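Engineer:
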Amino acid sequence: MKAVEKQNLAKKHFGQNFLQDESVLEAIIQSIPKMNKEIELIEIGAGLGDLTNKLLSLGNITTYEVDKDLIPYLQERLKGALECGRLSLEIGDVLEIWKGESLRKKDYFLVSNLPYYIATLLIIKIIKDPLSKGCVVMTQKEVAQKFCAQCGGSDFSALSVLVQSVGEATLLFDVPPSAFVPQPKVTSSVFLLQKMANPPSFKDLEHLESLLKVAFGAPRKTILNNLSKAYPKQEIMDALESLQIAPSKRPHEIDTTNYHRLLKIL
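Going by the working numbering, 132 is the number at position 123 of the sequence shown; the sequence numbering is gapless.
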């Protein structure tokens, strides 16, 4: 398919930027860790099937696509894999399909060039999903940096704490706008999230997320100031003192372990 045809197919409201650079596609495939064969491989946003086609070299996969206009093209291009059962094509909005804790009914690993407008929301759902074993995803560079940031850095955020609560995120490489049709206005980045064997439960992560929304509500203000909006000031003072955290510290200066400790106390 010619670049101009791809350009005409892309829909702004779906945040479609079709990845076409072969070297980037291959780099994504090489970034996927070796896994137990029992773990499903999932893709969100099949697009024109370029990444989908590469993923088939790793085994059976399930891909989701919201744009019904692309389905006939995908069905024709990936006809062989669909007919022999190596590929399952799910049609619809994944956020509508993903209503409960888990997207799937068994353990899975996600690989995706995520649409920018839903990337953060989907990654948070992956983090909290007890059946997700991790992901290799492409997002806007600034979003990837927040998920992969370390305590003390200016990018360290609620997203960083959530990731570190379930495993380890590694920033892999940047992807220029020229790798896509149409070209986005920003640089993208690919990162890997590998989950630990026994991460916190869905409910524990929900509680942690609520605390973090308050703690990082105003990143430049102190942790005491932020938490005071949701908890009694004296309780916060006592909690911070017991953990030897200075009330004047900013949210990005407190590590993941101490956020878990704060959650238990508060």
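Quick reminder that beta carbons are idealized off the backbone N, C-alpha and C, glycines included. Predicted model only: the values in this text are computed from it and were never measured.
#1: For residue 150 and residue 182, I'd like the C-alpha separation in whole angstroms.
#2: Residue ranges of each beta strand (DSSP E) run of no fewer than 3 residues wholly in the region 190–241, ordered along the chain?
#3: Taking DSSP as the reference, what is the three-state secondary structure of residue 160?
#4: If the criterion is Cβ atoms closer than 8 Å, does the pair residue 179 and residue 200 meet it?
#5: Under the rule that 16 or more other beta-carbon atoms within 10 Å means buried, what is residue 73, buried or exposed?
#6: Leaving out five residues on either side along the sequence, give the residues of the same chain with a beta carbon under 8 Å from the beta carbon of residue 129.
#7: Taking the C-alpha atoms as reference points, what is the distance between residue 271 and residue 123?
#8: With distances taken between CB atoms, is the gap from residue 67 to residue 37 smaller than 8 Å?
#9: Use the C-beta contact count for residue 192: other C-beta atoms within 10 angstroms, 16 or more gives buried, fewer gives exposed.
#10: Which value, in whole angstroms, describes the spacing of the CA atoms of residue 173 and residue 34?
#11: In chain order, which alpha helix (DSSP H) runs of at least 4 residues are fully inside the region 59–104?
#12: Should residue 195 go down as buried or exposed, given a rule of 16 or more other Cβ atoms within 10 Å for buried?
#13: Just confirm the distance between the C-beta atoms of residue 215 and residue 137, as a whole number of angstroms; I'd bet it's less than 8 Å.
#14: For residue 110, name the three-state secondary structure that DSSP assigns.
#15: I'd like to know whether the C-beta atoms of residue 162 and residue 261 end up nearer to each other than 8 Å.
Structural biologist: With the structure as the only source:
#1: 9 Å
#2: 197–204
#3: coil
#4: Yes, Cβ-Cβ distance for residue 179 and residue 200 is below 8 Å.
#5: buried
#6: 148, 152, 168
#7: 33 Å
#8: no
#9: Classification for residue 192: exposed.
#10: 27 Å
#11: Scanning the region 59–104 from its first residue to its last, the whole alpha helix (DSSP H) runs of 4-plus residues come out as 59–64, 80–86, 88–92.
#12: exposed
#13: 7 Å
#14: coil
#15: yes
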